[in-house]
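Chemist:
Protein chains: 2
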Amino acid sequence: MIFDPDDMTPQGRYFLMIGAIVPRPIALVSTINADGKTNLAPFSFFNGLSSTPPILGVSVGTKRGKIKDTWRNAEETGEFVVNVVTESITDPMVQASADYPPEVSEFGAAGLTPIPSDLVAPPRVKESPVHFECRLEGIVELGDEEVTTGLLLGRIVRIHVDDEIIPDGTHIDPVRLKAVGRMGRHWYSRTRELFEKERPEV
Amino acid sequence: MIFDPDDMTPQGRYFLMIGAIVPRPIALVSTINADGKTNLAPFSFFNGLSSTPPILGVSVGTKRGKIKDTWRNAEETGEFVVNVVTESITDPMVQASADYPPEVSEFGAAGLTPIPSDLVAPPRVKESPVHFECRLEGIVELGDEEVTTGLLLGRIVRIHVDDEIIPDGTHIDPVRLKAVGRMGRHWYSRTRELFEKERPEV
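Chains A and B are the protein sequences, given in the same order.
The first sequence begins at 11 in our numbering and counts up by one.
The second sequence begins at 11 in our numbering and counts up by one.
The structure is reproduced here in structure tokens:
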């Protein structure tokens, strides 16, 4: 089948992209607003962009024409934290994706525990085994007539890794990490069916 | 354990990011240069960025201070194709990642078949079930003293989907797609251990 994005509905384009670009890593992003209120939300248009310098990117859309709390908070304070999503926190992560009113913190609603970060104001998620403390390096705005998406560029300033998942102190063990990837629609994938392939020499 | 990126080696930062930000979707990117020579290379700092407008991002680093062929070709011609990587083409995809000299096309070396695209000049990979034909919308350059990474922003102009994997014509079936995700080091993950979670109502 052939699809021309311009001839599709926004939802049709979205379904096709999230169904084909898989599996996606999930960033559970914590932010605070200028008043110190915390927010927590998952995003899967997320990835590392560069390791030197250490930059990651989280794409945050608009909702009914307004920028989402994560984007607004990151812009207001210049800081956010990316918490890695594993099997044991998939249910609370999904819970945090619900459309809560601004006065509700997703930490409480999802039953996740905020713990202080070292170098930035937004808290980390205690139940996640990896936290990236980030300073906002810039926002790449995307959209045609109007801006519909902000790609938040996060400069990683500190990384916390649970000792249990990094036995040699250098390489995270994927078997211990048990990360969960985002697929299309309501689907997720575990990362238990691992296999190894060496990059060949020429 | 706590890691400060500024105190780490480039390789140490890289290992930590690719081990923690998982599973990553894989873009097998085809390009041509100004002389019409084809290139094919896999990237996993890759994701959708926005569905309205339809934009994806592929992060391409430098190699020994020089920009890689994919970046140079995309910049020269303004076009590239993202081919989705599935179990059946994992071996050729890994083969295409080897460090071939410029005169070798990775299509031949990997045993993959180039077929013409409809709207852009770089060919598609016949053996892949999804192709995104893209026009280069811009390049976000990252780096401190010097540019070390280019995030290629691709405007999707046409999408080809194998009929077999999209039974209802709208949603790609993840069980039929059999996508493969990139993990840390030499690790990959299949996407067979799927589970479903509905986004909750508040």
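Quick reminder that beta carbons are idealized off the backbone N, C-alpha and C, glycines included.
What is the DSSP secondary structure of serine 40(A), reduced to helix, strand or coil?
Modeler: strand
Chemist: Cα-Cα, which of Glu89(A), Asp79(A) and Val95(A) is closest to proline 111(A)?
Modeler: Asp79(A)
Chemist: Going by CA-CA distance only, name the one from Val212(B), Pro35(B) and Val39(B) that's closest to phenylalanine 90(B).
Modeler: Val39(B)
Chemist: Which residue marks the beginning of the alpha helix (DSSP H) containing phenylalanine 117(B), and which one marks its end?
Modeler: 116-120
Chemist: Assuming glycine 22(A) and isoleucine 31(B) form a contact by the criterion Cβ under 8 Å, report the distance between their Cβ atoms to the nearest whole angstrom.
Modeler: 29 Å between Cβ atoms; not a contact.
Chemist: How about threonine 201(A) and glycine 191(B): are their beta carbons less than 8 Å apart?
Modeler: yes
Chemist: What residues from the segment 24-51 of chain A come within 9 Å of chain B, judged by C-beta to C-beta, listed N to C?
Modeler: Tyr24, Phe25, Leu26, Met27, Ile28, Gly29, Ala30, Ile31, Val32, Pro33, Arg34, Pro35 and Ala37
Chemist: Mind pulling the alpha helix (DSSP H) runs of 4 or more residues that sit fully within the segment 17-66 of chain A?
Modeler: 20-30
Chemist: What first and last residue would you give for the beta strand (DSSP E) that runs through valine 95(A)?
Modeler: Here valine 95(A) belongs to no beta strand (DSSP E), and DSSP marks it neither H nor E.
Chemist: Identify which residue in Arg168(A), Ile149(A) and Pro210(A) has its Cα closest to the Cα of isoleucine 77(A).
Modeler: For the residues Arg168(A), Ile149(A) and Pro210(A), the minimum Cα distance to isoleucine 77(A) belongs to Ile149(A).
Chemist: Along chain A, which residues have their Cβ under 8 Å away from the Cβ of tryptophan 81(B)?
Modeler: Under the 8 Å cutoff, chain A gives no residues; its nearest Cβ is about 13 Å from tryptophan 81(B).
Chemist: Give every residue of the same chain whose Cβ lies closer than 7 Å to the Cβ of proline 177(B), excluding the five residues on either side of it in the sequence, and list them in chain order.
Modeler: Excluding the 5 residues flanking it on each side, proline 177(B) has same chain C-beta neighbours closer than 7 Å at Asp183, in chain order.
Chemist: Return the Cβ separation of glutamate 147(B) and leucine 163(B) in integer angstroms, given the expectation that the two are a contact with Cβ distance under 8 Å.
Modeler: 4 Å
Chemist: Are the beta-carbon atoms of histidine 4(B) and arginine 145(B) separated by less than 8 Å?
Modeler: Since the displayed chain B opens at 11 and closes at 212, residue 4(B) lies outside it and no answer follows.
Chemist: For the candidate residues Arg186(B), Phe55(B), Leu187(B) and Val212(B), whose alpha-carbon lies nearest to that of threonine 159(B)?
Modeler: Phe55(B)
Chemist: Is it buried or exposed for methionine 11(B), if we count other Cβ within 10 angstroms and need 16 for buried?
Modeler: Its Cβ having fewer than 16 others within 10 Å, methionine 11(B) is exposed.
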